[in-house]
Each structure stands twice: as structure tokens, then as C-alpha cells.
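Visitor:
There are 2 protein chains.
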Amino acid sequence: MKVIIMGCGRVGSTLATSLDQAGHKVTIIDSNADSFQRLDSTFKGEKVQGSGIDEETLKVAGIETADAFAAVTNGDNRNIMASQIAKEIFHVKKVVCRIYDPIREATYRESGLETICPTLVGALMIFDALSGKK
Amino acid sequence: MKVIIMGCGRVGSTLATSLDQAGHKVTIIDSNADSFQRLDSTFKGEKVQGSGIDEETLKVAGIETADAFAAVTNGDNRNIMASQIAKEIFHVKKVVCRIYDPIREATYRESGLETICPTLVGALMIFDALSGKK
Chain C
1 MKVIIMGCGR VGSTLATSLD QAGHKVTIID SNADSFQRLD STFKGEKVQG SGIDEETLKV
61 AGIETADAFA AVTNGDNRNI MASQIAKEIF HVKKVVCRIY DPIREATYRE SGLETICPTL
121 VGALMIFDAL SGKK
Chain G
1001 MKVIIMGCGR VGSTLATSLD QAGHKVTIID SNADSFQRLD STFKGEKVQG SGIDEETLKV
1061 AGIETADAFA AVTNGDNRNI MASQIAKEIF HVKKVVCRIY DPIREATYRE SGLETICPTL
1121 VGALMIFDAL SGKK
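In order, the protein sequence lines correspond to chains C and G. Using this note's numbering, the letters of the first sequence map in sequence onto residues 1 to 134. Using this note's numbering, the letters of the second sequence map in sequence onto residues 1001 to 1134.
1. Which of the residues in the region 1073-1088 of chain G, read from start to end, lie with their CB under 8 angstroms from any CB of chain C?
2. Pairs of beta-carbons, one from the region 1021-1033 of chain G and one from the region 1047-1067 of chain G, closer than 8 angstroms: are there three or more?
3. Under a CB-based cut-off of 7 angstroms, is Val-1095(G) close to chain C?
4. If we count the other Cβ atoms within 10 Å of its Cβ and call it buried at 16 or more, is Thr-115(C) buried or exposed?
5. Name the chain G residues that come within less than 7 angstroms of Thr-119(C), Cβ to Cβ?
6. Within the continuous beta strand (DSSP E) that includes Ala-66(C), where are the two ends?
7. Between the region 1100-1119 of chain G and the region 1074-1091 of chain G, are three or more C-beta pairs nearer than 8 angstroms?
8. Can you tell me whether Met-125(C) is helix, strand or coil according to DSSP?
9. Is Phe-1090(G) close to chain C, meaning its C-beta is less than 7 angstroms from at least one C-beta of that chain?
10. Between Ser-975(G) and chain C, is any beta-carbon pair separated by less than 7 angstroms?
11. What does DSSP give as the partner residues of Asp-1030(G) in its beta bridges?
12. Less than 8 angstroms between the CB atoms is what I'm expecting for Met-5(C) and Val-72(C), so what's the real figure, rounded?
13. Measuring only between beta-carbons, confirm whether Ser-1018(G) sits less than 7 angstroms from chain C.
14. Beta-carbon separation of Arg-1010(G) and Thr-119(C) under 7 angstroms?
15. Taking 7 angstroms as the CB-CB limit, is Leu-113(C) close to chain G?
16. Could you tell me which chain G residues have their CB closer than 8 angstroms to the CB of Ala-68(C), listed as they occur along the chain?
17. My parser needs the alpha helix (DSSP H) runs of 4 or more residues fully inside the region 72-105 of chain C; what are they?
18. Would you say Ala-71(C) reaches chain G, if we count a Cβ-Cβ gap shorter than 7 angstroms as a contact?
19. As a quick exercise: from Cys-1097(G), Gly-1052(G), Ser-1035(G), pick the residue whose alpha carbon is nearest that of Ser-1111(G).
20. Using a Cβ-Cβ distance cut-off of 7 angstroms, determine whether Gly-122(C) contacts chain G.
21. Out of curiosity, what's the CA-to-CA distance linking Ala-129(C) and Asp-1020(G)?
22. Please tell me whether Leu-15(C) and Ala-1106(G) are closer than 7 angstroms, where the distance is taken between their beta carbons.
23. What is the C-beta distance between Ser-1051(G) and Phe-1069(G), in whole angstroms, given that I count them as a contact (C-beta under 8 angstroms)?
24. Would you mind stating whether Asp-1054(G) and Thr-1017(G) have Cβ atoms separated by less than 7 angstroms?
25. Can Lys-1025(G) and Lys-1002(G) be called in contact, C-beta distance under 7 angstroms?
26. State buried or exposed for Ala-1033(G), treating a residue as buried only when at least 16 other CB atoms are found within 10 Å of its CB.
27. By the DSSP assignment, the alpha helix (DSSP H) with Thr-17(C) in it spans what residues?
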């Protein structure tokens, strides 16, 4: 599977390394080249410096032939915009978008975007741990 | 159950509201009083302005009789320190600490702290979603 990941923060770099180790062809995009230092030294994928909401950058990253796209920068709006571009303009089959804000997450999930909200997941995990369910 | 939550960000406020609605006695601590605006309007718990790594603030929040403590500020070090104070000095039975950095998370988990790492959980969820396991 050819996967493009936008955002090389902690989650993006962990995800990129895992997918790379699982044998997928990974390209990671970040506007700050220093972020690529977070990648594992074994990472064999491509690194593209630029903005994931810029169509040219996405083309350089190979979006036109990508099977999957994940938007995991720290900015909800950037993640939403990039996911919509990947899905609507480039017709990437599998698009996953991280949205911190539970309200925006619900809105965009209902509109058909596949979303992950770490805020709700984190709160639920801690709720379960405190309640002794973990 | 009497629960103290340190940090009224998105996760802290969501957690506080959920625990309050589940009938628990919740006290939430934040150094910035504006953060309490994130709480649901129905929230019936206590709000304490101050630092969760300050023992006096923790006493004001009722740590000496608390059953559980969750550290969910945006600072890993603050969360680790506050959790250790709650556990070692005040002998709170259930202490849960959020740590973003997977390396520190592993270290403190191995040393006996109950930790939650949203970075790893988030990466795993997106990995599963991209791999079609979701």
C-alpha cells in the first residue's frame, strides 16, 4: 500500500515508522524539515518538505497514485482541509483525519470524513482506568 | 469516588464532565482560571486555581481524602511530578498519568506509574484505520 502521511510530529513519525516496518511504501510531508529527525533511523520512505494543503506538494508526494492518506499535523483545520483535498480532488480511497476538537470531529465525521479524535479516546481511556475498568 | 483532575484542557474538561455526570465527586485544578470555561455548564464539581505540583494546592483540592488522581496537563513533566506526589506523598490509591512522549511513558510505566500515552494510542488507531482493521 502506498501511504502519504501529513505531519511528522510524534504521532506522524510513529505511524510512518510502523507502516514502513510493515512493508508499506510511505511518504511523509512536513513543512519543517527538522521534524523528519523524529523518524526512526531505519525509515526507508520518502520525506517531502512542504504544506499538505498545497496541491503541488501533494503531487510531489505522489498523491495521484496513493492508496491512503492520513492527516496528523497539530492543526485541526489543516488536517480537515488536506483530507478533503485528498478525498475530493485526488480521490484517495482511504483518508483518515485527526481532529482534536470533539465538536468539529463530530461535524466532519457526520459529513462523511473518517476521523479520529484523540481527545475523546484519551478521556475515555482515563475514565475507564479511574473507574477500574482497565 | 472522590477524584482530582489536574489540567482543564480538552481531555481534562471532558473527563471532569463525564465523571461528574457519572455521579463522582470531582475537583479540577488548573493554573489558568479561564480554562474552567471548557467545563460543561452542568458541572457540579469544585474548581481550584493553582499548580498541581504544589502540595498546598493539592491539599486545597482535597488530595488527602481523594480516591483517584489524573494528571492531564499538556506538560509531561508536570504530569509525572504531580502523579508521583499524589502517589508517594499522599498515597492516593488510583493515579493515572498522561505522558505524550512514548520514551518517557515507557520509562515511568516500567517504574510503576499507571500511564496513558495518547501518541501511541493515536498512531495505533490510525494504523488500524489505514490497514482496514477499523
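Beta carbons are placed, not taken as given, at the ideal position from N, Cα and C, and that holds for glycine.
Guide: Quick answer:
1. Here the close residues number zero.
2. Contact between the region 1021-1033 of chain G and the region 1047-1067 of chain G is established, with three or more Cβ pairs separated by less than 8 angstroms.
3. Taking a beta-carbon distance threshold of 7 angstroms, Val-1095(G) does not count as an interface residue toward chain C.
4. Counting every other CB atom within 10 Å of its CB across the protein chains shown gives Thr-115(C) a total of 16 or more, marking it as buried.
5. Neighbours of Thr-119(C) on chain G, chain order: Arg-1010, Val-1011, Thr-1014.
6. Counting along the chain, Ala-66(C) falls outside any beta strand (DSSP E), and DSSP gives it neither H nor E.
7. Under the Cβ criterion (8 angstroms, minimum of three pairs), the region 1100-1119 of chain G counts as touching the region 1074-1091 of chain G.
8. Three-state result, Met-125(C): helix.
9. No, Phe-1090(G) does not count as interfacial toward chain C.
10. This structure cannot speak to residue 975(G), because chain G is shown only from 1001 to 1134.
11. Beta-bridge partners assigned by DSSP to Asp-1030(G): Gln-1049(G).
12. The identity of residue 5(C) in the sequence shown is Ile, whereas the question assumes Met. Right, the Cβ-Cβ distance comes to about 7 angstroms (below 8 angstroms), so this counts as a contact.
13. Yes, Ser-1018(G) counts as interfacial toward chain C.
14. Between Arg-1010(G) and Thr-119(C), the C-beta gap is smaller than 7 angstroms, which places the two residues in contact.
15. The beta-carbon of Leu-113(C) is placed no less than 7 angstroms from the nearest beta-carbon of chain G.
16. Per Cβ cutoff of 8 angstroms: Leu-1130.
17. Taken in chain order, the complete alpha helix (DSSP H) segments of 4 or more residues contained in the region 72-105 of chain C are 76-84.
18. Taking Cβ atoms only, chain G never reaches closer than 7 angstroms to Ala-71(C), which makes this a no.
19. For the residues Cys-1097(G), Gly-1052(G), Ser-1035(G), the minimum Cα distance to Ser-1111(G) belongs to Cys-1097(G).
20. Gly-122(C) belongs to the set of residues whose beta carbon lies under 7 angstroms from a beta carbon in chain G.
21. Answer to the nearest angstrom: the Cα atoms are 16 angstroms apart.
22. Not closer than 7 angstroms, so no.
23. Actually they do not touch by this definition, with Cβ atoms about 14 angstroms apart.
24. For Asp-1054(G) and Thr-1017(G), no; Cβs fall outside 7 angstroms.
25. Between Lys-1025(G) and Lys-1002(G), the gap from beta carbon to beta carbon is short of 7 angstroms.
26. By the 10 Å Cβ count, Ala-1033(G) comes out exposed.
27. Looking at the DSSP string, the run of the alpha helix (DSSP H) that includes Thr-17(C) is 10-21.
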